[in-house]
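Protein chains in written order, with the UniProt record's numbering: chain E, 1 to 462; chain F, 1 to 462. Glycine included, C-beta positions come from ideal geometry on N, C-alpha and C. From a predicted model like this one, the values you see are computed outputs, not experimental measurements. Accompanying notes for the structure given below.
There are 2 protein chains.
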Amino acid sequence: MMLWLVLLLPILSVTSRSISIDHRSQSNTIADRIIELVTQGEFRGVTYNRLAALVDTIGPRLCGNESLTNAVNWVQNAMINEGLDNVHVEEVQIPHWVRGEEHARLIQPRNAKLSMLGLGNSVGTGPNGIQAPVLVVRSFDELNARCGEARNKIVVFNPQCDWQAQPIGCYGPVVGYRVGGASHAAKCGALASLSRSAASRSIDSPHTGVMEYDLTYPKIPAASLSVEHADMLDRFQQRNQSMEIFLYMEAQTLSDVVGYNLVAEVKGSTLPNETVLVSGHLDSWDVGQGALDDGGGAAISWTVLSLIHALNIRAKRTIRCVLWSCEEFGGIGGDQYFTAHQNEVPNMSIVMESDLGVFHPQGLQFQGRPEAQQIVTTISKLLTSINATQVVSGGGGEDISKWMQHGVPGASLLNDNWDYFAYHHSRGDTINVLNSTDVDLAAAVWTVYAFSIADLDSILPR
Amino acid sequence: MMLWLVLLLPILSVTSRSISIDHRSQSNTIADRIIELVTQGEFRGVTYNRLAALVDTIGPRLCGNESLTNAVNWVQNAMINEGLDNVHVEEVQIPHWVRGEEHARLIQPRNAKLSMLGLGNSVGTGPNGIQAPVLVVRSFDELNARCGEARNKIVVFNPQCDWQAQPIGCYGPVVGYRVGGASHAAKCGALASLSRSAASRSIDSPHTGVMEYDLTYPKIPAASLSVEHADMLDRFQQRNQSMEIFLYMEAQTLSDVVGYNLVAEVKGSTLPNETVLVSGHLDSWDVGQGALDDGGGAAISWTVLSLIHALNIRAKRTIRCVLWSCEEFGGIGGDQYFTAHQNEVPNMSIVMESDLGVFHPQGLQFQGRPEAQQIVTTISKLLTSINATQVVSGGGGEDISKWMQHGVPGASLLNDNWDYFAYHHSRGDTINVLNSTDVDLAAAVWTVYAFSIADLDSILPR
Numbered sequence: 001m002m003l004w005l006v007l008l009l010p011i012l013s014v015t016s017r018s019i020s021i022d023h024r025s026q027s028n029t030i031a032d033r034i035i036e037l038v039t040q041g042e043f044r045g046v047t048y049n050r051l052a053a054l055v056d057t058i059g060p061r062l063c064g065n066e067s068l069t070n071a072v073n074w075v076q077n078a079m080i081n082e083g084l085d086n087v088h089v090e091e092v093q094i095p096h097w098v099r100g101e102e103h104a105r106l107i108q109p110r111n112a113k114l115s116m117l118g119l120g121n122s123v124g125t126g127p128n129g130i131q132a133p134v135l136v137v138r139s140f141d142e143l144n145a146r147c148g149e150a151r152n153k154i155v156v157f158n159p160q161c162d163w164q165a166q167p168i169g170c171y172g173p174v175v176g177y178r179v180g181g182a183s184h185a186a187k188c189g190a191l192a193s194l195s196r197s198a199a200s201r202s203i204d205s206p207h208t209g210v211m212e213y214d215l216t217y218p219k220i221p222a223a224s225l226s227v228e229h230a231d232m233l234d235r236f237q238q239r240n241q242s243m244e245i246f247l248y249m250e251a252q253t254l255s256d257v258v259g260y261n262l263v264a265e266v267k268g269s270t271l272p273n274e275t276v277l278v279s280g281h282l283d284s285w286d287v288g289q290g291a292l293d294d295g296g297g298a299a300i301s302w303t304v305l306s307l308i309h310a311l312n313i314r315a316k317r318t319i320r321c322v323l324w325s326c327e328e329f330g331g332i333g334g335d336q337y338f339t340a341h342q343n344e345v346p347n348m349s350i351v352m353e354s355d356l357g358v359f360h361p362q363g364l365q366f367q368g369r370p371e372a373q374q375i376v377t378t379i380s381k382l383l384t385s386i387n388a389t390q391v392v393s394g395g396g397g398e399d400i401s402k403w404m405q406h407g408v409p410g411a412s413l414l415n416d417n418w419d420y421f422a423y424h425h426s427r428g429d430t431i432n433v434l435n436s437t438d439v440d441l442a443a444a445v446w447t448v449y450a451f452s453i454a455d456l457d458s459i460l461p462r
Numbered sequence: 001m002m003l004w005l006v007l008l009l010p011i012l013s014v015t016s017r018s019i020s021i022d023h024r025s026q027s028n029t030i031a032d033r034i035i036e037l038v039t040q041g042e043f044r045g046v047t048y049n050r051l052a053a054l055v056d057t058i059g060p061r062l063c064g065n066e067s068l069t070n071a072v073n074w075v076q077n078a079m080i081n082e083g084l085d086n087v088h089v090e091e092v093q094i095p096h097w098v099r100g101e102e103h104a105r106l107i108q109p110r111n112a113k114l115s116m117l118g119l120g121n122s123v124g125t126g127p128n129g130i131q132a133p134v135l136v137v138r139s140f141d142e143l144n145a146r147c148g149e150a151r152n153k154i155v156v157f158n159p160q161c162d163w164q165a166q167p168i169g170c171y172g173p174v175v176g177y178r179v180g181g182a183s184h185a186a187k188c189g190a191l192a193s194l195s196r197s198a199a200s201r202s203i204d205s206p207h208t209g210v211m212e213y214d215l216t217y218p219k220i221p222a223a224s225l226s227v228e229h230a231d232m233l234d235r236f237q238q239r240n241q242s243m244e245i246f247l248y249m250e251a252q253t254l255s256d257v258v259g260y261n262l263v264a265e266v267k268g269s270t271l272p273n274e275t276v277l278v279s280g281h282l283d284s285w286d287v288g289q290g291a292l293d294d295g296g297g298a299a300i301s302w303t304v305l306s307l308i309h310a311l312n313i314r315a316k317r318t319i320r321c322v323l324w325s326c327e328e329f330g331g332i333g334g335d336q337y338f339t340a341h342q343n344e345v346p347n348m349s350i351v352m353e354s355d356l357g358v359f360h361p362q363g364l365q366f367q368g369r370p371e372a373q374q375i376v377t378t379i380s381k382l383l384t385s386i387n388a389t390q391v392v393s394g395g396g397g398e399d400i401s402k403w404m405q406h407g408v409p410g411a412s413l414l415n416d417n418w419d420y421f422a423y424h425h426s427r428g429d430t431i432n433v434l435n436s437t438d439v440d441l442a443a444a445v446w447t448v449y450a451f452s453i454a455d456l457d458s459i460l461p462r
């Protein structure tokens, strides 16, 4: 460890060529030991297998659901047995939305089951369901132009985006219809809102996610449709075939419940009150297994501590792993953690969250001052052997955003996540999506950064 | 048309270089007119749009179901309105299996819905369902070795194949577990059989298909599981986590009903009793839309006649389009058609069936004597402008196999169908899978071959 400290820091002031020389000669000892342990040593496959056991045995972990508490207990016990420092939970208050039974049927022009998933926060339809004709629009502008036609109808939002060209970039422009569609439709007198799944590709798989009501307008039920069924309804309208849909949803929001952020650490050797925070969220949607979103991010963050603990090393600073509660309803656990811990802002060197996949890693997304990014770029050379040396600007995460707003540098895992939105928030979010070798590499990247930043002479410049 | 006849035949006796010259100079007039009409003229998009209207409005078309008859009527009316020759249906006797309600739940180690689809021909579970512990095997050999463990259990077949390396080739080795798994399991005293979906990739999408009973053993219910759920059960077993599943299926086989092969023609000018047969099957599974399997093959076969009719041309021989009934239960419509028409074997120049996708076409799969394949290869030059000139050995189709067994040359569409088994027999088989431009090109290939072969001086050598 001392070798690491002594040799890493001089690197930061030399040219990139001499960095390269130093790197190859001595300074990479600990980074190489981390990489070797997780890619070829006894931790090979451990992260994937732990995650598979968790998500197979506990299943998905919806905010407010007992399964989320079970998962916290499961991981907490494993962390204690492993001998990590300061393993504990911190209570947070979280919402408790329940899906209940739900289904949708096309009644006209033919009778067929529609592939749907109710959206988080949505109200239900009442026991008799809602049967109504349909108006399909492709944008809020089109809805505004046809607002009069929406009254007493079910509005279907079918926003278009070239997902093949922008498998990640389309999510932003499209997700607004999932989140805000219901209130836009309610403003025009609609009875319910259905939105095309925010999915890069589909095998008739609906994708859920959170929605929000504008309290100016009546709360109407909101669900997503599979891409295929949204397009079919769009074609019916283009052909002037009249449509009617029956929608039934028991969804409701119960009283808030107590949830838990799970915390574990490897304490710093000389500056234990200064911290590097690595994280992912343990809650997920209630379909699939929540292996991708965000079991994988949680799992590699846990593995950061496991590897450092197994190597019996300590950085100067404390490395803290937080597995968040209830990210999916808007960073609930993360925001409350910040409120409780904001006195640590001056001592928090960096906040890291992995929540966009643990596919083959390419490096790090980093948001902070150029001087800090320069240091991160220097550290990236330690990942040359696994070809994960990219550092790009951007990144962050829902649960760490408050810290970043207060000036703490933030980072997320840069990985080959082009296929992320094929599975995200759908029944397809299972451990099958992930690859054990890539998960190991992702854990290596995450650990090398966490350790190296925790072991710098100073916290990152801000 | 006469230009076509005069100029095409000399090509067949000259070298490939002079073929090329002839081809570029004069003989391709009709082929070029066909290609232009369907890729740039008034038939551009028509095949896709007709198919979309059919599968949106009628939906899937399970053998024995009223929707299949509705589809036959829909297409028949359109063909009559279009003015095709000899539009008629021919009755066949078809099985009538019904799915009914069905579901499966994992009871232990946790309670979760399993993604399943009952298999065609399967019996049901009875009104109380079947609840039993689980044995997972990866092969018939493993089942035989563990036969004693299967008694009173639900057997899960989880055959492994590298679908990424062999996205088409894996189907054959794997589908045997779907077809024959139940009787193998019943032989060992199992109560039900579940098989991993024969799917190249999955978003938790189960794939159905036909199964068959060996009447030596009790008939036990048979269903498919999604790839993800089959793998999860496999992992539970590897971890020695005990499993229990509840399976409920109302599936049953009712009395045979009358079905219809739909036939239309463009009569030959000089040899109307000699025939080129183009075909696809109109029935499908009862999930999704049956757009890929085999709406697309049926649609391009119909378009062959539409294009020739629209161009107001006739080949020497009759071109006959047959849209088969009930291929999915084992070529039922095709076999009965052969029985009724086998006296036409001597006059049938070629039988063509497209039933493996209408993705971007590359050419033709052909099965026949080398002299015939040489002629087909010569015709392929007419498709140079759309780069679909490959001719490879093989091909055929379930519904035309009897003709081929009696020596008639057979062909199928060679196309870029690597993704076929992601959608096949699943809810993902919708018009979204297809691309209008590629469907037009596929129709062009199909039509140029049908016309050219029908317009040769003789039927293809056999």
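What are the boundary residues of the beta strand (DSSP E) that residue i is part of?
i: F:Asp-85; result: 85 to 98
i: F:Trp-324; result: 317 to 324
i: F:Met-348; result: 348 to 353
i: F:Phe-366; result: 361 to 367
Output the boundary residues of the alpha helix (DSSP H) element that contains residue i.
i: F:Phe-338; result: 332 to 341
i: F:Ser-183; result: 171 to 187
i: E:Ser-195; result: From DSSP, E:Ser-195 is part of no alpha helix (DSSP H) but of the beta strand (DSSP E) over 192 to 196.
i: F:Phe-329; result: No alpha helix (DSSP H) contains F:Phe-329, which DSSP labels as neither H nor E.
i: F:Asp-457; result: Per DSSP, F:Asp-457 belongs to no alpha helix (DSSP H) and is neither H nor E.
i: F:Ile-300; result: 296 to 310
i: F:Asn-81; result: 66 to 82
i: F:Arg-50; result: 46 to 58
i: E:Arg-235; result: 227 to 238
So who's on the other strand from residue i, going by DSSP bridges?
i: F:Thr-253; result: F:Trp-97
i: E:Asn-261; result: E:Glu-90
i: E:His-281; result: E:Trp-324
i: E:Ala-222; result: E:Ser-193
i: E:Phe-246; result: E:Arg-105 and E:Gln-131
i: F:Val-358; result: Bridge partners of F:Val-358: none, in fact.
i: F:Leu-271; result: F:Arg-317
i: E:Val-210; result: E:Gly-120
i: E:Val-266; result: E:Ile-319
How would you list, in chain order, the residues of chain F whose beta-carbon sits under 7 Å from the beta-carbon of residue i?
i: E:Asp-416; result: Going along chain F, no residue has its Cβ under 7 Å from E:Asp-416, so there is no contact; the nearest lies around 15 Å.
i: E:Ala-53; result: Arg-239
List, in chain order, every chain E residue whose beta-carbon is nearer than 7 Å to that of residue i.
i: F:Met-423; result: Note that residue 423 of chain F is Tyr in the sequence shown here, rather than Met. Residues of chain E passing the Cβ test: Ile-203.
i: F:Gly-288; result: Asp-204
How would you list, in chain order, the residues of chain E whose beta-carbon sits under 9 Å from the beta-carbon of residue i?
i: F:Ser-426; result: Ile-203 and Asp-204
i: F:Thr-57; result: Pro-109, Arg-110, Phe-236, Arg-239 and Gln-241
i: F:Asp-231; result: Thr-430, Ile-431 and Asn-432
i: F:Gly-296; result: Here the premise fails: no neighbours, minimum Cβ distance about 15 Å.
Give the residues of chain F in contact with residue i, contact being defined as C-beta atoms less than 9 Å apart.
i: E:Ser-115; result: Arg-427
Name the chain F residues that come within less than 8 Å of residue i, Cβ to Cβ?
i: E:Val-227; result: Asn-432
Between residue i and residue j, which are expected to be in contact by the criterion C-beta below 8 Å, what is the C-beta distance as a whole number of angstroms?
i: F:Gly-280; j: F:Ser-354; result: 5 Å
i: F:Tyr-248; j: F:Gly-120; result: With 8 Å as the limit, F:Tyr-248 and F:Gly-120 do not qualify as a contact, their Cβ atoms being about 18 Å apart.
i: E:Ser-380; j: E:Gly-395; result: That pair is no contact at about 14 Å.
i: F:Asp-283; j: F:Leu-68; result: 5 Å
i: residue 477 of chain E; j: E:Asn-152; result: There is simply no residue 477 of chain E to check, as chain E begins at 1 and stops at 462 in what is shown.
Self-check item: Contained beta strand (DSSP E) runs [length at least 3] in the stretch 107 to 169 of chain F, N- to C-terminal order
Solution: Within the stretch 107 to 169 of chain F, the complete beta strand (DSSP E) runs of at least 3 residues are 112 to 114, 116 to 118, 130 to 137 and 154 to 157.
Self-check item: alpha helix (DSSP H) runs wholly inside the stretch 378 to 437 of chain E, at least 4 long, in chain order
Solution: Whole alpha helix (DSSP H) segments, 4+ residues: 401 to 405 and 420 to 423.
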